[in-house]
Amino acid sequence: ETGVTQTPRHLVMGMTNKKSLKCEQHLGHNAMYWYKQSAKKPLELMFVYSLEERVENNSVPSRFSPECPNSSHLFLHLHTLQPEDSALYLCASSQDSITSTDTQYFGPGTRLTVL
Amino acid sequence: QKEVEQNSGPLSVPEGAIASLNCTYSDRGSQSFFWYRQYSGKSPELIMFIYSNGDKEDGRFTAQLNKASQYVSLLIRDSQPSDSATYLCAVSRNTDKLIFGTGTRLQVFP
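Residue numbers (our numbering), protein chains in the order written: chain L, 52 to 166; chain A, 60 to 169.
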C-alpha cells in the first residue's frame, strides 16, 4: 500500500460514544497532521506531529485527543462529541514540518457523523 | 479579513478554454503557495506549488505569483470536463501551518 491511508472511511457515532480514527503513511515522512473540513469552510488544521512530538495544537477542544505512537501512525481519539463536530477529517503527512516548502499529502479522509 | 480568499464560484468554462483561478492572501510574510484539487467526496491532491514571483508551468497548469500584490493564480489551459473540481489555494509562512482558502468550484462543460 502506498501514500496516506485512513480508517474508517465513514463513521457514525452518538454523542456518548468513544471512537478512534487511524491514519498511516507509507511515504517515510516525519510529520503528520490532522485537519477538519466542514461544509463551506476552509480546511482547519487541528494537530501537527513532527517525529512523534506534538508541535501544534490549534485550540482544539479536549474531546479530540491525538496520539502519534511512531512516525508512520497517527490516531485521533474521539469522545463525547457534538453534532457540530460532524465533518470530513483528513490526515496528511510531509517530509518535515519545520520548513514551509514541504508538500503535504492527504489521505482519503474519514467522513464523521455525530448524531 | 480572511487569511486566504478565493471566489467560491462556480466558475464555468467551456471545454478547451483557459480557466483562471485566483487567490489573495493577507500575510505578507507568506513564503510558499500551493494549489490543491479536490473532487467531490475526495481528499485534496497537490497540483502545484510556487515560491518565487513569476510564472511556473507544469503541463496544462501555470501558477502565477505576485508577492507585492499578495496574489496567486492558477491557469488551466485546454480545460477538460475532468478538471471539474474544487481548487484550494493554500499559503504557508516559514512554519508548518498551511492556511487554506475555501476553494473555487470549477465546472468545465462540453
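Using N, Cα and C, we set each Cβ at its ideal position, and we do this for glycine too.
Taking only beta-carbon atoms, is residue 160 of chain L less than 8 Å away from chain A? Taking the first residue of the first sequence as 1, we reach residue 160 of chain L at position 109. True, the Cβ-Cβ gap to chain A drops below 8 Å.
Let me confirm a value: residue 61 of chain A is counted as buried when at least 16 other C-beta atoms fall within 10 Å, else exposed. Which label applies? Within the second sequence, numbered from 1, the residue matching residue 61 of chain A stands at position 2. Per the 10 Å Cβ criterion, exposed.
Run down chain L in chain order and give the residues with a C-beta less than 9 Å from the C-beta of residue 85 of chain A. Residue mapping note: residue 85 of chain A aligns to position 26 of the second sequence, counting from 1. Neighbours of residue 85 of chain A on chain L: none; closest Cβ ~13 Å, over 9 Å.
Following the continuous beta strand (DSSP E) through residue 157 of chain A, name the residue where it begins and the one where it ends. Counting from one through the second sequence, the residue named residue 157 of chain A turns up at place 98. That run of the beta strand (DSSP E) goes 157-159.
Interface residues of chain A around residue 134 of chain L at Cβ under 9 Å? Counting from 1 along the first sequence, the entry for residue 134 of chain L is found at position 83. Chain A residues near residue 134 of chain L: none, gap ~21 Å exceeds 9 Å.
On the three-pair Cβ rule with 8 Å, is the segment 138-151 of chain A touching the segment 96-110 of chain A? yes
Can you name the residues of chain L whose CB is closer than 9 Å to the CB of residue 68 of chain A? What you label residue 68 of chain A is simply residue 9 of the second sequence in a count that begins at 1. Residues of chain L passing the Cβ test: none, with the nearest at roughly 12 Å.
Check for me: the beta strand (DSSP E) holding residue 121 of chain L runs from which residue to which? Your numbering for residue 121 of chain L matches position 70 in the first sequence. Residue 121 of chain L -> beta strand (DSSP E) spans 115-121.
Once the 5 residues before and after residue 151 of chain A are set aside, which same chain residues still bring their CB inside 6 Å of it? The residue given as residue 151 of chain A occupies position 92 in the second sequence. Result list for residue 151 of chain A: 91 and 157, in chain order.
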